[in-house]
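A.B. asks:
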Amino acid sequence: MEGHVEMGERRASLDNIVKGRHGEDETDSRSVDDNIGGGASGEEPDSPRDEISNRRKYSRHNANQIQELEVFFKENPHPDEKARLELGTKLSMDSKKSQLKRHEIGKLKEENDKLRIEHIALKEAMKNPICDRCNSQAIIKDINIDEYQTKIEHDRLKNEIKRINVLAKKILGPSVSLEGSMASLMENSDLGFASEKNDFGSINIVDTASPLEFDFQNNLSNSLSVISPRPTVSLANEDVTYDKSKLMNLALAAMNELLRLAEIGEPLWVRSMDGGGETLNLDEYARSFTQFIGKRPVHFTTEATRAFGTVITNSVTLAETLMNKSRWMEMFPGIVGKTSTIDVISNEIGGSRSGTLLLIQTELQIICDLIPVREVKFLRFCQQYVEDIWAIVDVSIDTIQEGSLQCDIGNCRRLPSGCIVKDMPNGYSKVTWIEHMEYNETFVHQLCRPLVRTGLGFGAQRWISTLQRQSEFLTVMMSSLDPTVCSSGQRNIAMLAQRMTHNFCAMVCATIYNWEKIQSANGEYARLMMRKNIADPGEPIGVVLSATKTIWLPVKQQPLFEFFMNEQMRSHWDVLSNNGVMQPTVHISKGQNFGNIISLFSANGDDSNANQNSQLILKDAFTDSTGSLLVYALVDSLAMNVMMNGGNSSSVSVLPYGIAIVPDCYQDYSGKDFCSGSLVTIGIQKIVNNSPVAKFSAKSEKLLNDLISRTINGIKTAFKCK
């Protein structure tokens, strides 16, 4: 029976081929007959009787052509090829191979007759089909097209499972087999698969029947029961071990959710109040998605945002950046703090980052001392779907249990978050970024809670804006812009500015270094912390004291940033410049925005300090819709001259201070004005003793408190704020 069904399909296909070939043959035959009949010669009928006649007299050439040909061949009976071509052009005649055409037409007619006879024979055979096995009459059923397509899709998914099984064996060892468990899930789903094509071209988003989108905690033991022995991962400084197969399944489930979150629009996503991105509808999310990492703790708050952007880089480069710890920190200097890779669970495949699975521990931050850093331990999984589309997903491992042990959730956890990157023809990339986190809001100061809730603090829009700004900066640095500085000197200045900004963020967020708290922040005083530098040549040796304070001002972010960028207004707030006139010497643009710039100034103070004239001030500034940052540092002029001429920047000592500005995200009672004010964080560092073993003194404490107070009073006076 199956053989005759297949034979029937072949006959139907052959039937269509015969019909099409027969139609083409008849068309060609008619065309040739028309030409033979004189249709191409341009000859007009001699009389009405010729028009009525069904059979017209054959004449290949008209009278004028015949006359010209006779004259020519009388003069030149044996013309060469050139003469024949010239004559043909003159008489509008081309070389026709009628005899060859008639021969070809005859062969086509014979072939057409054979096909017609075979077609008739096949039609007769289909009327009375005979089974090859039992020689009895066969019954051919009508084939359901939808069912046929479903079977094809089913076979494709089976092949995909085989590919995943090969990948799992490479990762977890040769004894691992996921094929049987995945196949059982497919059979239980009754072929209920569906795929959708989204804005990213070829990504197939598997629907709820997908084997990758099952309840992780409930189905994990069934789907992985065949895995033995169990490779494990032991976390640093923690007596907790995890099954690698669980981590792999968690990563696959997170990737599936990320792709679905990127695909679906309203009502799952709604426009944010600031217009810069989208916010997740939590009720719709709860109805549409299965929680596979456990329920949200009662005291936790959810923030989930999505943003889109175009970036000056390709997908492969961006994937490599996100999977490299150092490059990731450099790309997001104001967001990513201290980071470490705990384990490489899955290595790259075929020389690319596709298939890499990392276990990472990091600190995510906002440059504000009133918002604690978010310490999170998560998986990062990278996958290339087609040549120009990559996806990178993060997901916390805090809820995976092994026996009676469970990792502490801490102050936050990361639900499936990440980005999908698609290459564009012009060398740019289209990026969709999704941030989905749950955090303990009780640790966040009341003044900053609206900022965090809206997602401008840790949300997708901030990641996209930072990625765009840094990618533009890296592109600009490929060319030399300032003729007064060599290209290597510009790179050295940029590296020094980057180190300076990284140091300032670590000071405000109290990360990386071993800080000792001296004074807690309150309504009147700043937060004071102390640390000791014993051997780092990148900053002064001795006891470092820092002061940080955040205030609210009824001024929007952009006017505030322009005020601090105006060098004529520096004397109002920069107490460390000694009220000196700032003379710009070097400007390095970091992009199209005028506020994204690295500058070097000479500081001519109004005091009699002889050392002042040997000091320069380096400034690193950037801004976008999510916030602004200005970082300064006094640098030695001799060391800068060496560095600008190609010397090493790591030996230049800097101790930065600066200002961070973020919108307050408050909304007035009318609901019309959003972000009417700003949160301004001032951070100052100072060497209070050149000996790293010296003790802290009350005099130093008073000095830093006075510096912060004078800076804040100067800013408030300039804006006439109380």
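Going by the working numbering, the sequence shown opens with residue 124, and the numbers climb by one from there.
Quick reminder that beta carbons are idealized off the backbone N, C-alpha and C, glycines included.
Hey, which unbroken runs of the alpha helix (DSSP H) at 4 residues or more fall wholly within the region 752-817?
C.D. replies: Those alpha helix (DSSP H) runs which fall completely within the region 752-817 and span 4+ residues are 760-767.
A.B. asks: Considering Cα atoms alone, identify which of K369, G837, T413 and S395 is closest to L381.
C.D. replies: Ranking the options by Cα distance to L381, first place goes to T413.
A.B. asks: Candidates F415, Y780 and P682: which alpha carbon is nearest I490's?
C.D. replies: For the residues F415, Y780 and P682, the minimum Cα distance to I490 belongs to Y780.
A.B. asks: Excluding the five sequence neighbours on either side, which residues of its own chain have a C-beta within less than 8 Å of the C-beta of A427, listed in chain order?
C.D. replies: Here the set comprises T402, L403, L405, Y408, L538, I557, E558, H559, M560 and G578.
A.B. asks: With DSSP run on the structure shown, which of helix, strand or coil describes G837?
C.D. replies: Three-state DSSP puts G837 in a helix.
A.B. asks: Measure the alpha-carbon distance for G582 versus R429 and round it to whole angstroms.
C.D. replies: Between G582 and R429, the C-alpha separation is close to 8 Å.
A.B. asks: Select from S722, D659, V666 and I831 the residue whose C-alpha is nearest the C-alpha of V775.
C.D. replies: The shortest Cα separation from V775 among S722, D659, V666 and I831 belongs to D659.
A.B. asks: Can you tell me which of the three DSSP states R419 falls into?
C.D. replies: Reduced to three states, the DSSP call for R419 is coil.
A.B. asks: So what's Y636 in DSSP terms, helix, strand or just coil?
C.D. replies: Reduced to three states, the DSSP call for Y636 is coil.
A.B. asks: CB K713 to CB E595, shorter than 9 Å?
C.D. replies: Contact: yes.
A.B. asks: Going straight from the alpha carbon of Y648 to that of G661, what length do you get?
C.D. replies: In a straight line, the C-alpha of Y648 is about 30 Å away from that of G661.
A.B. asks: How about K839 and I635: do their beta carbons lie closer than 9 Å?
C.D. replies: No.
A.B. asks: Give the C-beta separation of E510 and N534 to the nearest angstrom, bearing in mind that I take them to be a contact with Cβ-Cβ under 8 Å.
C.D. replies: The Cβ separation is near 40 Å, so there is no contact.
A.B. asks: What is the rounded straight-line gap between the Cα of R852 and the Cα of M547?
C.D. replies: For the chain, the structure presents residues 124 to 845; residue 852 sits outside this window and is missing.
A.B. asks: Name the DSSP bridge partner or partners of N656?
C.D. replies: G665.
A.B. asks: Which residues mark the beginning and the end of the alpha helix (DSSP H) in which R256 is found?
C.D. replies: Careful: R256 lies outside any alpha helix (DSSP H) and carries neither H nor E.
A.B. asks: Can you round the beta-carbon distance between I587 and V544 to whole angstroms, since I take them to be within the 8 Å contact cut?
C.D. replies: 12 Å between Cβ atoms; not a contact.
A.B. asks: Which of the three DSSP states, helix, strand or coil, is assigned to L827?
C.D. replies: Three-state DSSP puts L827 in a helix.
A.B. asks: Can you check whether the CB of A817 is closer than 9 Å to the CB of V666?
C.D. replies: A contact, by the Cβ cut-off of 9 Å.
A.B. asks: Classify D460 as helix, strand or coil using the three-state DSSP reduction.
C.D. replies: A quick correction: the sequence has Gly, not Asp, at residue 460. Here G460 sits in strand by DSSP.
A.B. asks: In whole angstroms, what is the alpha-carbon distance linking R286 and T589?
C.D. replies: C-alpha separation (whole angstroms): 36 Å.
A.B. asks: When DSSP builds the beta bridges, which residues end up paired with F566?
C.D. replies: According to DSSP, which records beta bridges pairwise, F566 is partnered with nothing at all.
A.B. asks: Could you say if the region 741-758 and the region 672-691 meet the contact criterion of at least three C-beta pairs nearer than 8 Å?
C.D. replies: At 8 Å Cβ cutoff, the stretches touch.
A.B. asks: Which stretch, first to last residue, makes up the alpha helix (DSSP H) that contains L482?
C.D. replies: Premise fails: L482 lies in the beta strand (DSSP E), L480 to L487, not in any alpha helix (DSSP H).
A.B. asks: With a Cβ-Cβ cutoff of 9 Å, do L574 and D829 count as a contact?
C.D. replies: Not in contact: L574 and D829 (Cβ atoms no closer than 9 Å).
A.B. asks: Which residue wins for smallest C-alpha separation from V709, given the options L210, M763 and C628?
C.D. replies: Of the listed residues, the one whose Cα sits closest to V709 is M763.
A.B. asks: Leaving out five residues before and five after S136 in sequence, what residues of the same chain have Cβ atoms less than 7 Å from its Cβ?
C.D. replies: Model confidence at S136 stands at a pLDDT of 44, short of 50, so the residue's coordinates are unreliable; what they give is reported in the following sentence. So no residue of the chain qualifies.
A.B. asks: Just to confirm the assignment: which complete alpha helix (DSSP H) runs, minimum length 4, are found wholly within the region 570-628?
C.D. replies: List check, alpha helix (DSSP H) in window: 572-577 and 583-599.
A.B. asks: Between which two residues does the alpha helix (DSSP H) containing S449 stretch?
C.D. replies: Note, S449: alpha helix (DSSP H), K448 to M454.
A.B. asks: Check each candidate in W696, A744, R207 and P707 and name the one with the smallest Cα separation from N719.
C.D. replies: Nearest C-alpha to N719: A744.
A.B. asks: Can you give me the Cβ contacts of R394 inside the same chain, cut-off strictly under 7 Å, excluding the 5 residues immediately before and after it?
C.D. replies: Correct list, in chain order: E401.
A.B. asks: If you measure between the beta carbons of L802 and V785, is that distance less than 9 Å?
C.D. replies: Yes, the Cβ-Cβ distance between L802 and V785 is below 9 Å.
A.B. asks: Output the residue ranges of the beta strand (DSSP E) runs that lie fully inside the region 500-556 and measure 3 residues or longer, sorted by chain position.
C.D. replies: Whole beta strand (DSSP E) segments, 3+ residues: 512-519, 535-537 and 540-546.
A.B. asks: Around the C-beta of Y562, are 16 or more other C-beta atoms found within 10 angstroms, so that it is buried, or is it exposed?
C.D. replies: Answer is buried; the Cβ neighbour count reaches 16.
A.B. asks: In this structure, does DSSP put K843 in helix, strand or coil?
C.D. replies: It is coil, neither helix nor strand.
A.B. asks: Could you compute how far the alpha carbon of A442 sits from the alpha carbon of G478?
C.D. replies: Their Cα atoms are separated by approximately 11 Å.
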